[in-house]
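Numbering (UniProt numbering), first residue to last: 1 to 410.
One structure is given here, and the rest of the page talks about it.
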Amino acid sequence: MRTMVKSLAVVMAMGASVQLSGLAMAQQAPEINVTDTEIRIGNVMPYTGELAAFASIGKTEAAYFDMINERGGINGRKIKFISYDNNSDSETASEQTRKLIDEDKVLLLFGSFGTPGNLALRPYVNQKKIPQLFIASGDHGWGDPKDFPWTMGWQPSFRAEGRIYANYIQASYPESRIAVLWQNDQFGRDLFSGLQEGLGDLSRMIISDVTFDRSDKSIDSQVDLLQSSGAEILIFDGAPAVAALAIRRMNDIDWHPVFLLDNASASIANALRPAGLENSIGVISTAFLKDAGDPAWKDDPAMKDWSSFMDKYYPDGDKTDGNTVFGYAAAETLFQVLKQCGDDFSRENIMRQATSLKSYQSSVSLPGIVINTSPTDFHPIKQMRLVQFDGSTWQPIGEVIESAFLGKDN
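The following block contains the structure:
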């Protein structure tokens, strides 16, 4: 039976007030955000709307903190994880983040999803000197300790991922023509910019690029246009649901370019299975976390622990959804930071510990993928590897890549 003390305060009421057990205390002492028994952590996640495929990140994180609380918490304190729904809307994300800070008085923000909402709140969060840690977004701007010393990313940057694809294309398909199908927002632009940077003078290989909106229900016309360009390589950068549409359309029109799929959409559950697993064979992407469906990890102790965790704390979760591994790994990283805090949970010490991670490796990271931070390095994960889908799992291509990260965003 699960403990009566729960960390989970996932709120999916789209802005409705949440009743917290410590509300009366908070009203009497509004600046108290950590006590001898509790640490308040705030999070915003798209539980509904167009980006709801990523909701499992927040649900996994909440379940992880349930597990930690059941085991006694962190240095004697239980986690109160307050997670609000942003309805896949950046303005709502900003409103919910302000609520976490101004009303719920969280000690820190952790793992909030998305780029626009987090960017909009970044100046406010830094003015208030509140840690904004391990944002679930690969925007290169999260690594700016000089101007925003309280904001830190976690995953590899979208721009660096674009450079990895550029390196791969130059090595494997140096004479091939490239088309790009990208989401018309900062997320899409970042990866496209990294691709162009990585290609350098060879950017002329890009003979066509077309955008789409993440709310599009059909992208047939865009895919058809890219096919007519004569491109032999197609790079997709967008949300999983649209990636599924693209893969299906390519199969329908019998177009089979080399297909490179952004890491954020490399979910078997949310992109490849809806597209048809047989249609997805050969898709290439990047990875920095273990694939739970890969038989290579069936005897791996860490993945056995993860599977047991899912069974007990998140039984409704889909183990083929890579976002559950993502949420688990991110929560593990925050747990490490808070453990290092000892009994000093000042915001200054939290940032001190977050910026002093040395060769830390999540239990579910791929071998060779480690986290290093410093007061001048706010890019925790700077390594990835190329992978290719074989119809059931992602198989590695080559070794871990980190040279692509030695660019403008580091």
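We treat Cβ as the ideally placed atom computed from N, Cα and C, and that holds for glycine.
All of these numbers come straight from a predicted model, not from anything done at the bench.
Buried versus exposed call for residue i [16 or more other C-beta atoms within 10 Å across all chains shown]
i      : result
SER346 : exposed
ARG163 : buried
SER267 : buried
PRO281 : A small correction: the amino acid at residue 281 is Ile; Pro does not occupy that position in the sequence shown. Result: exposed.
ILE253 : exposed
ASP316 : exposed
SER21  : Residue confidence is low: SER21 scores 38 on pLDDT, short of 50, so the model does not pin down where it sits. Its coordinate-derived value is still stated next. Exposed is the call here.
GLY391 : exposed
ARG249 : buried
SER176 : exposed
ALA296 : exposed
THR151 : buried
SER285 : buried
ALA171 : exposed
PRO131 : buried
THR373 : buried
GLY342 : exposed
SER265 : buried
LYS358 : exposed
ILE401 : buried
GLN96  : buried
ALA160 : buried
THR71  : The question names Thr, but residue 71 in the sequence shown is Arg. When all chains shown are included, ARG71 counts as exposed.
Closest by C-alpha distance to residue i, when choosing among the options
i           : options                        : result
SER351      : LEU334, ASP104, PRO240, GLY398 : Per the sequence presented here, residue 351 reads as Met, with Ser not at that position. Selected option, being the one with the closest Cα: LEU334.
SER56       : TRP142, ARG177, LYS78, ALA136  : ALA136
VAL180      : PRO315, PRO257, LEU119         : PRO257
residue 417 : GLU50, LYS105, ILE371          : What is shown of the chain runs 1 to 410, which leaves residue 417 out entirely.
GLY398      : ALA287, ASP318, GLY162         : ALA287
ASP216      : ARG204, GLY194, GLN183, LEU202 : GLN183
GLY194      : ALA331, TYR168, PRO145         : TYR168
SER208      : ALA231, SER221, LEU202, GLU197 : ALA231
LYS129      : GLN395, GLU348, MET45          : GLU348
TYR165      : LYS298, SER362, SER203, PHE113 : SER203
TRP255      : PRO301, HIS140, ASP220         : ASP220
GLN127      : LEU133, PRO149, GLY141         : PRO149
HIS140      : GLY188, ARG98, VAL125, TYR124  : GLY188
ASP377      : GLU278, PRO145, GLN395         : PRO145
In DSSP terms, what residue i is bridged to
i      : result
VAL387 : SER285, PRO396
ILE401 : MET384
ARG77  : ILE74
ARG136 : A small correction: the amino acid at residue 136 is Ala; Arg does not occupy that position in the sequence shown. DSSP, once it has assigned bridges, lists PHE113 as partnering ALA136.
SER374 : ASP377
ASP209 : VAL180
THR151 : GLN132
VAL34  : ILE39
LEU108 : ILE41
TYR360 : ILE371
VAL125 : Answer by DSSP bridge pairing: none, since VAL125 is not bridged.
LEU260 : ILE235, ILE284
SER365 : LEU289
6 angstroms Cβ shell around residue i - same chain, five flanking residues per side excluded
i           : result
VAL283      : PHE259, LEU261, PHE389
MET14       : Unreliable placement is indicated for MET14, whose pLDDT of 36 sits below 50; the coordinate value is still reported in the next sentence. Within the same chain, MET14 has close Cβ partners ASP85, ASN87.
GLN186      : THR115
GLY327      : ILE57, THR60, GLU61
SER229      : ALA179, ILE207, SER208
LEU109      : GLY42, GLN132
THR393      : ASP291, GLY293, ASP294
residue 499 : Residue 499 falls outside the range modelled here, since the chain spans only 1 to 410, and no answer is possible.
LEU277      : GLY391
LEU51       : SER88
Contact under 7 angstroms by Cβ, residue i with residue j
i           : j      : result
PHE236      : LEU191 : no
GLU61       : GLY111 : yes
ASN323      : PHE54  : yes
ASN33       : LEU107 : yes
GLN383      : ILE369 : yes
LYS80       : ASN69  : no
GLY49       : ILE82  : no
PHE212      : GLN227 : no
VAL364      : LYS312 : no
LEU338      : ILE101 : no
residue 420 : SER90  : Residue coverage of the chain in this structure runs from 1 to 410, which leaves residue 420 outside it and unanswerable.
TRP154      : PRO375 : no
MET67       : PHE113 : no
ALA246      : PRO274 : no
LEU225      : VAL210 : yes
Residues near residue i by beta carbon distance below 8 angstroms, same chain, minus five either side
i      : result
GLN28  : Any reading at GLN28 needs caution, since the residue's pLDDT is 37, under 50, leaving its predicted position unreliable; the model's value is listed next. Here the set comprises nothing.
LYS319 : ALA292, GLY293, SER307, MET310
TYR360 : THR333, GLN336, VAL370, ILE371, ASN372
TYR173 : GLU232, ILE233, VAL258
PRO30  : Low local confidence applies: a pLDDT of 42 at PRO30 is under 50, so the model's placement there is unreliable, with the coordinate-based value given in what follows. Excluding residues within five positions, the ones whose Cβ falls inside 8 angstroms are LYS105.
Nonlocal neighbours in the same chain, by C-beta distance under 7 angstroms from residue i, ignoring five residues either side
i      : result
THR37  : ARG77, LYS78
ASP321 : SER56, SER267, ALA269, ASN270
ALA329 : LEU289, SER362, VAL364, SER365
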